[in-house]
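So the structure is just underneath, and the comments pick up after that.
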Amino acid sequence: MTERFPSPASILITGASSGIGAALAMEFAAPGIRLALTGRDEARLAGVAGACRNAAAEPRVAVLDVREREALGAWITEIDRAAPLDLVIANAGISAGLGGDGETGDQARRIFATNLDGVVNTVLPAVDCMRPRGRGQVAMVSSLAGFRGFPGAPAYSASKAAVRIWGEALRGDLHGAGIGVSVICPGYVKSPMTAVNDFPMPLLMDAERAARIIRRGLARNRSRIAFPWPLYAAVWLISALPPALTDPLLRRLPKKT
Ligand SMILES: NC(=O)c1ccc[n+]([C@@H]2O[C@H](COP(=O)([O-])OP(=O)(O)OC[C@H]3O[C@@H](n4cnc5c(N)ncnc54)[C@H](OP(=O)(O)O)[C@@H]3O)[C@@H](O)[C@H]2O)c1
Numbered sequence: 000m001t002e003r004f005p006s007p008a009s010i011l012i013t014g015a016s017s018g019i020g021a022a023l024a025m026e027f028a029a030p031g032i033r034l035a036l037t038g039r040d041e042a043r044l045a046g047v048a049g050a051c052r053n054a055a056a057e058p059r060v061a062v063l064d065v066r067e068r069e070a071l072g073a074w075i076t077e078i079d080r081a082a083p084l085d086l087v088i089a090n091a092g093i094s095a096g097l098g099g100d101g102e103t104g105d106q107a108r109r110i111f112a113t114n115l116d117g118v119v120n121t122v123l124p125a126v127d128c129m130r131p132r133g134r135g136q137v138a139m140v141s142s143l144a145g146f147r148g149f150p151g152a153p154a155y156s157a158s159k160a161a162v163r164i165w166g167e168a169l170r171g172d173l174h175g176a177g178i179g180v181s182v183i184c185p186g187y188v189k190s191p192m193t194a195v196n197d198f199p200m201p202l203l204m205d206a207e208r209a210a211r212i213i214r215r216g217l218a219r220n221r222s223r224i225a226f227p228w229p230l231y232a233a234v235w236l237i238s239a240l241p242p243a244l245t246d247p248l249l250r251r252l253p254k255k256t
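Numbering that gives the first Met the number 0 applies: residue 0 is where the sequence shown begins, and numbers increase by one.
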């Protein structure tokens, strides 16, 4: 039977300084819950920690770049020693605009370094901490954009596809070790990342609602937490159809400027 993780008490979240990560911190914030929160913006991170403290949670923050493998790994290990981690959410990520001549090499490398290497740099040290205990849960934030290569976001959709497939494979690999792995695939969520989009975003939802959906899915140890379902069904269908049919449609989708 699939194990459930109904009430994590020690939780680490990357990219907790805004958007979905901040909303997740608040969603889990409750008396006695230990939250380890990281991001790069110290002031925003302190604001989120303050709000969690007001909910009687016990936040600890660190200003870190997820691309810095050693520093991040050392911090995760330190947090785990102080409060053995029940749940680690690799959420930090970036997207980029495609104005002018399209995605540059620098943009693509930055996106892969943050969205893919950053997730690897978070998940592997977390698994190392959890494995000897034979219990724990890791979650990786992918995207509905990770089901198909989208011309409006080449490196972004590729980075999210890699995270999704890696997470699915790790789930099977770590099952015997008692570690749950969930891949989170949101559609459009209101956050600084989407605030810059000047095109219609179907079924755009609040970060708070997204955080509630994610928390429910994690408690049930869902393999894939994909939402909202109509958009999930649409990308699933697009990814199942032959590219010759879907390419003309996808070429017409708006791009982030
Ligand atoms: N919003 C959506 O519609 C949507 C949909 C699907 C998936 N997602 C994914 O959800 C995750 C959260 O996105 P969001 O919408 O909440 O965007 P957001 O508000 O821009 O938040 C991104 C978070 O990632 C952190 N971050 C970015 N680069 C980092 C780095 N190099 N090192 C450490 N932290 C870094 C940011 O921290 P600082 O600001 O402090 O640097 C921030 O806390 C991302 O992985 C994103 O791809 C979002």
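Glycine included, C-beta positions come from ideal geometry on N, C-alpha and C. Just so you know, these numbers come straight off a predicted model, no measurement behind them.
Non-local beta-carbon contacts of residue 107 in its own chain, meaning distances under 8 Å to residues more than five positions away in sequence, involve 153 and 154 in chain order. Looking at the backbone, the Cα of residue 67 and that of residue 112 are separated by about 10 Å. Secondary structure at residue 156: helix, using DSSP grouped into helix, strand and coil. For the 8 Å CB-CB criterion, residue 16 and residue 44 form a contact. A direct Cα-to-Cα measurement between residue 129 and residue 135 gives close to 6 Å.
Here residue 141 is buried, its C-beta having at least 16 other C-beta atoms within 10 Å.
Assignment of residue 10 by DSSP, reduced to helix, strand and coil, places it in the strand class.
Checking the 7 Å criterion, the Cβ of residue 90 is within range of a heavy atom belonging to ligand 1. For residue 14, the Cβ falls inside the 7 Å cut-off from some heavy atom of ligand 1. Straight-line spacing of the CA atoms in residue 39 and residue 60 works out to 10 Å. When the beta-carbon positions are compared, residue 145 and residue 156 come within less than 8 Å of each other. Distance from the CA atom of residue 70 to the CA atom of residue 79, rounded to whole angstroms, is 14 Å. Here the distance from the Cβ of residue 187 to the nearest heavy atom of ligand 1 is below 7 Å. Runs of the beta strand (DSSP E) lying entirely within the segment 124–180 and spanning at least 3 residues, in chain order: 135–140.
Residue pairing of residue 224 in beta bridges, as defined by DSSP: 183.
Counting the other CB atoms within 10 Å of its CB gives residue 53 a total below 16, which places it among the exposed residues.
Note on geometry: alpha-carbon atoms of residue 20 and residue 217 lie some 14 Å from one another.
For residue 110, the three-state secondary structure derived from DSSP is helix.
Linking residue 185 to residue 72 through their CA atoms gives a straight-line distance of about 26 Å.
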